[in-house]
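Step one of this worksheet: look at the structure below.
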Amino acid sequence: MARPFYVTTPIYYVNARPHLGHAYTTIVADVAARFHTMRACDVYFLTGTDEHGDKVVRAAKKENMTPRNYVDTISRLFRELWPELGIKNSAFIRTTDSAHMSVVEQVLQKIYDAGDIYFAEYEGLYCFGCERFYTERELENGKCPDHETEPEVIKESNYFFKMSRYQDWLVDHIRNTPDFIRPQRYKNEALAFLKEPLEDLCISRPKSRLKWGITLPFDNNYVTYVWFDALLNYVSALGYPTGDLFETFWPASQHVVAKDILKPHGIYWPIMLKAAGIPIYKHLNVHGYCNIEDSKMSKSLGNVVEPIELKNIYGLDAFRFFLIRDMVFGLDSSFSEASLVQRINSDLANDLGNLFSRVLSMVHKYFDGVVPEVEPTVEAECELGLVANAQTAIADYEGFMESFQFHNALQAVWKFISEMNKYVDVTAPWELAKKKSSRKSLSVVIYNLLEGLRIISGLIYPVMPDTAAKMQKHLGLDPKMSFYHLDQLKTWKSMKPGTRLPKSTVLFPRVDPVEKAVDTTVGRQAADSRPEIKPEITLEEFGKIDLRVATVIHAERIPRAKKILKLEVDLGQKRTIVAGIAQNYTPEDLVGKQIIIVANLKPAKLMGIVSNGMLIAAVDDSGPTLAALDKPVDPGTPLR
Ligand code: MSP
């Protein structure tokens, strides 16, 4: 029977749209899932949305929506985004699903019946943002460390879960279970936390304060605390307490989360499982934070990055590669578009892309596009350690992937890519091709290079599935056969001599490291919508800016750039300008419209198109609104 593998992401709150941080975690889980399919495992991959609690009620109110309509809308955004990012989850759970709600009730009742839940009055410092009470010790300068707001004192009667009872057990479990929490730094963090006495967890909220939640099965006046509800998704999605899925996959469970939710996953969750008599999950894999150019991504800073925009501009595989290669799993990283472009150009276009097109063009040039024979007489002398290099790469890769060190796994693959490039340089097939007597050597060298490419195409599959498929198609591998299985990659000489290969293709076009073409952040305008008035200028200085009326003659979208339109305008002369207004305007809206442009702005290249001028628009939360005149005038009329 195939080995099971169960991987989960956190279920995301529906109080915000999906952003780069959510995309990173979900892509990591997808990479782990795909890697396990390469090992012929039986894989189950779960993601979903966390839909109860104060936060959601407040977010819904802000949008003038009922909680039900609101959660449906935002949950759909998450569900529909994942396939766009190449995510192949097996299921999508929502905490408002009735099956999930019923599991929460069952588990609560079970723990209550076992005597681990009690009723008591509590007065404490409550942070509404976090939806939890804080101890004085946990606050920073009297404020919630996450929200930087002062918590409010709240007194209420509530139900408490006797976590303290399980503290010693948990310490032993974390200490004695290899890699239970990994990487090590987070295991240490959890153990450090457990050095202090563990407080019991308040697991209810009175309905007088919050109705949007799961009613406690033993007291109709209370709903369940969101974390107690949410964590159970990992078992409810498998049909706990019965069912094949639960039986098969739960023993092989691995969670992926960021460091922000280490405590609920590393402390509350194992104790909940223990108290409910459910086996403890296998691994908690904790990663760091994706920051944006060194600051935390946040709505108020207006630097929230939309993953779909990056995918649309740079391509899905390049985007996935960048996240997995650039972020050291476990540590924080600083995202910047400049480093994304650099990686595309160096690792993808240069190292991998060049190797691929170099080798394939040689197959066409020297062997008429047909995989050559391996000549046994020269096989050994032409090999130059390439087979051993491939085997080392696969072994290192497998170990690193298994232990969630994805950046190291990719580094091992790129080490092999560089060895392949060196092999081309050292064997110099173009020299071999000059002499008839070297024909056999040429044949072996090219065959070895094709084998190397086959292995690379398999190893990159979890991170770049589309590129893997494209490479395999050009290597003449049958798409119906699975050439991604690790065992198959380990078998040298799997390419069939005599196979005719299609013409070469460019895997990754180079990206111009031009000015940032598209604003990939959302909410940046919100923060800047009414920035401070700029420093004073003189009339003379203002006079340098040549504002003109222009009539739009033609407008079109630009492939791969969602926010941008290319406009042909008339201002007495024809001009091309590129404008980031596609969010709010279609090409049809614009033709015939008179707009205002800065006519003497230095031309700039955006998305490979030279823009000769810039249009003027008011920009706020809803995006750009074009400046207009109240009656038509001649194109080219200046504004003074
Ligand atoms: N609903 C809870 C999780 C319940 S799981 C039983 C929650 N939701 S969340 O929407 O806030 O998601 C938090 C998770 O989103 C993080 O743990 C991480 O996986 C991902 N990220 C959100 N922002 C992130 C970054 N800036 N960087 C990396 N990942 C981040 O907490």
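Its first residue numbered 733, the sequence shown is counted upward by one per residue in my numbering. All C-beta atoms in this analysis are idealised placements derived from N, C-alpha and C, irrespective of residue type, glycine included. Remember, it's a predicted structure, so these values are computed and weren't measured experimentally.
Exposure of residue i, with buried meaning 16 or more beta-carbon neighbours within 10 Å
{"i": "F851", "result": "exposed"}
{"i": "E1134", "result": "exposed"}
{"i": "G1020", "result": "buried"}
{"i": "W1162", "result": "exposed"}
{"i": "H751", "result": "buried"}
{"i": "F1148", "result": "buried"}
{"i": "G847", "result": "exposed"}
{"i": "P1267", "result": "exposed"}
{"i": "M733", "result": "exposed"}
{"i": "D992", "result": "exposed"}
{"i": "G1230", "result": "exposed"}
{"i": "P1356", "result": "buried"}
{"i": "R808", "result": "exposed"}
{"i": "N952", "result": "exposed"}
{"i": "Q1305", "result": "exposed"}
{"i": "T805", "result": "exposed"}
{"i": "Q916", "result": "exposed"}
{"i": "N796", "result": "exposed"}
{"i": "S1065", "result": "buried"}
Cβ-heavy atom distance, residue i to the ligand MSP, below 7 Å
{"i": "P742", "result": "yes"}
{"i": "H832", "result": "no"}
{"i": "Y844", "result": "no"}
{"i": "H784", "result": "no"}
{"i": "V989", "result": "yes"}
{"i": "H1139", "result": "no"}
{"i": "I714", "result": "Shown here, the chain extends from 733 to 1372; a query on residue 714 therefore has no answer."}
{"i": "L963", "result": "yes"}
{"i": "C1022", "result": "yes"}
{"i": "Y1013", "result": "no"}
{"i": "G753", "result": "yes"}
{"i": "T757", "result": "yes"}
{"i": "I993", "result": "yes"}
{"i": "Y745", "result": "yes"}
{"i": "M1339", "result": "no"}
Distance, residue j Cα to residue i Cα
{"i": "E764", "j": "M1203", "result": "It is worth fixing the name first, because residue 764 is Ala in this sequence and not Glu. Spanning the two alpha carbons is a distance of roughly 21 Å."}
{"i": "M1196", "j": "P742", "result": "23 Å"}
{"i": "P1367", "j": "G1345", "result": "15 Å"}
{"i": "L1042", "j": "V1351", "result": "21 Å"}
{"i": "I1269", "j": "V760", "result": "50 Å"}
{"i": "N1023", "j": "V1037", "result": "10 Å"}
{"i": "A1391", "j": "Y738", "result": "Given that the chain is displayed from residue 733 to residue 1372, the structure contains no residue 1391 and the question cannot be resolved."}
{"i": "L1239", "j": "A1081", "result": "7 Å"}
{"i": "F810", "j": "N1180", "result": "44 Å"}
{"i": "T1369", "j": "K1295", "result": "28 Å"}
{"i": "R1280", "j": "K1363", "result": "15 Å"}
{"i": "E863", "j": "R897", "result": "23 Å"}
{"i": "C866", "j": "C859", "result": "Note that residue 866 is Tyr in the sequence shown, not Cys. Roughly 7 Å between the two C-alpha positions."}
{"i": "A1120", "j": "I1178", "result": "17 Å"}
{"i": "T1252", "j": "F1099", "result": "The pLDDT assigned to T1252 is 45, lower than 50, so where the model puts this residue is not dependable; a value taken from the coordinates is nonetheless given after this. Spanning the two alpha carbons is a distance of roughly 46 Å."}
{"i": "S1032", "j": "Y1046", "result": "26 Å"}
Under 8 Å between C-beta atoms of residue i and residue j
{"i": "I825", "j": "N965", "result": "yes"}
{"i": "P1011", "j": "P983", "result": "yes"}
{"i": "V1176", "j": "C1114", "result": "yes"}
{"i": "R1057", "j": "G818", "result": "no"}
{"i": "L1185", "j": "I1126", "result": "no"}
{"i": "V803", "j": "V788", "result": "yes"}
{"i": "I1341", "j": "K1298", "result": "yes"}
{"i": "G861", "j": "C876", "result": "yes"}
{"i": "F777", "j": "K820", "result": "yes"}
{"i": "H784", "j": "V958", "result": "yes"}
{"i": "K1224", "j": "A1112", "result": "This sequence places Trp at residue 1224; Lys is not what is there. No, these two residues do not count as a Cβ contact at 8 Å."}
{"i": "Y1129", "j": "V1103", "result": "no"}
{"i": "D845", "j": "M895", "result": "no"}
{"i": "L1233", "j": "L1092", "result": "yes"}
{"i": "A1282", "j": "I1313", "result": "no"}
Any non-hydrogen atom of the ligand ADP closer than 7 Å to residue i Cβ
{"i": "M1004", "result": "The ligand ADP is absent from the structure shown, which contains only the ligand MSP."}
C-beta neighbour in chain B for residue i, strict 8 Å
{"i": "E1300", "result": "Going by chain labels, chain B is absent from the structure shown, which holds only one protein chain."}
Identify every run of the alpha helix (DSSP H) within the region 1314-1341, keeping only runs that are complete inside it and at least 4 residues long; order them along the chain. Here the runs fully enclosed are 1319-1322.
Extract the residue ranges of the beta strand (DSSP E) inside the region 1266-1307, only unbroken runs of 3 or more that lie entirely within it. For the region 1266-1307, whole beta strand (DSSP E) runs of length 3 or above, ordered along the chain, are 1279-1290 and 1293-1302.
Which ranges would you report for the alpha helix (DSSP H) in the region 1199-1245 if only whole runs of at least 4 residues count? List check, alpha helix (DSSP H) in window: 1218-1222.
Whole runs of the beta strand (DSSP E) within the region 1000-1026, excluding any shorter than 3 residues: Counting only runs of 3+ residues, the beta strand (DSSP E) found wholly inside the region 1000-1026 occupies 1015-1019 and 1022-1024, in chain order.
Fully enclosed by the region 1047-1082, which beta strand (DSSP E) runs are 3 residues long or longer? DSSP assignment within the region 1047-1082 yields the following whole beta strand (DSSP E) runs of 3 residues or more, N-terminal first: 1065-1067.
Please list the segments of the beta strand (DSSP E) lying wholly inside the region 810-858, counting only runs of 3 or more residues, in order along the chain. You should have 823-826.
Length at least 3, wholly inside the region 760-784: the beta strand (DSSP E) runs in chain order: Correct list: 774-782.
What alpha helix (DSSP H) runs, 4 residues minimum, are completely inside the region 1133-1195? The region 1133-1195 contains these whole alpha helix (DSSP H) runs: 1138-1159, 1161-1164 and 1171-1191.
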